[in-house]
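For the first sequence, this note's numbering begins at 2 and goes up steadily by one. All C-beta atoms in this analysis are idealised placements derived from N, C-alpha and C, irrespective of residue type, glycine included.
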Amino acid sequence: MSNKLSHSFYKSNNILQSAKNLLGKVLCTKINNQFTSGKIIEVEAYLGSNDRASHSYNNKKTQRTAPMFASGGISYVYLCYGIHHLFNVVVGEKNNPCAILIRGLEPVDGVNIMLKRRNLNNLKNELTNGPGKLTQALGITTQINKKSLLGNKIWIEDYNLHVIKKDILSSSRIGVDYAGDDAKLPYRFYINNNKWVSK
DNA sequence: CCAGGGATGGACT
DNA sequence: GTCCATCCCTGGT
């Protein structure tokens, strides 16, 4: 049986709800035949054309942002600071360019593979407690940009891990000072008291 | 073609 | 906790 999140999950236009729903789900990759996964602990929602913090603000469609304009259910991976690959889940209907950035993961499968990719010797929070760290750990690069999340390279599973509603906290998003008033919006969601939340 | 930017990380105290 | 190097790629020309 498969617990893979299906098409319908990604088509919703209620992006904030979708972002919260991703908490507790398990992000999986199979890169170079190596399976790794982690439970989603922290996310940020980017609400598209009206959100100044979003790459797709003002319907700015370029080669880079094109994946956001596609129908939900694909990856949006881009390079940040020339070094870090950041992974987003594209959600919403076609031409509603929204995405959810994954910022923190609790390692589940393939910890040894992740440690190796991160050049670490033992399990500690810096393995996956940041958007650039977790992509490195899961082997996510722009090579898997614009890929279906229903395929066999990258996907998300629902293991029915219960996240208590009151344990979901929100805050403003990180590193979006350029967004004016929109920088203050409480579109970052994370699980309370969890060591895998970014610093 | 190239100037400028960027949803950060890690080294250090 | 604080500070700052990062460097590839994008997009406008």
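N-terminal and C-terminal residue of the beta strand (DSSP E) that residue i is part of
i, result
"L23", "Run containing L23: none in the beta strand (DSSP E); it sits in the alpha helix (DSSP H), 16-23."
"G39", "35-47"
"L139", "Per DSSP, L139 belongs to no beta strand (DSSP E); it is in the alpha helix (DSSP H), 132-139."
Residue i versus residue j: straight-line alpha-carbon distance, rounded
i, j, result
"H163", "G25", "7 Å"
"S172", "N96", "27 Å"
"N89", "G140", "14 Å"
"T66", "N122", "36 Å"
"A184", "Y77", "21 Å"
"N51", "Y58", "6 Å"
"E94", "A100", "11 Å"
"V109", "I75", "22 Å"
"G105", "T136", "10 Å"
"K167", "R53", "29 Å"
Expected contact under 8 Å - CB spacing of residue i and residue j to nearest Å
i, j, result
"K5", "L116", "With 8 Å as the limit, K5 and L116 do not qualify as a contact, their Cβ atoms being about 26 Å apart."
Buried or exposed (CB count within 10 angstroms, at least 16 for buried), residue i
i, result
"P68", "buried"
"K196", "exposed"
"I73", "According to the sequence provided, residue 73 is Gly. The question's Ile does not apply to it. The residue in question, G73, is buried, as its Cβ has 16 or more Cβ neighbours within 10 Å."
"H86", "buried"
For residue i, three-class secondary structure by DSSP
i, result
"S172", "strand"
"P68", "helix"
"K26", "coil"
"K185", "helix"
Element boundaries [alpha helix (DSSP H), containing residue i]
i, result
"N113", "112-119"
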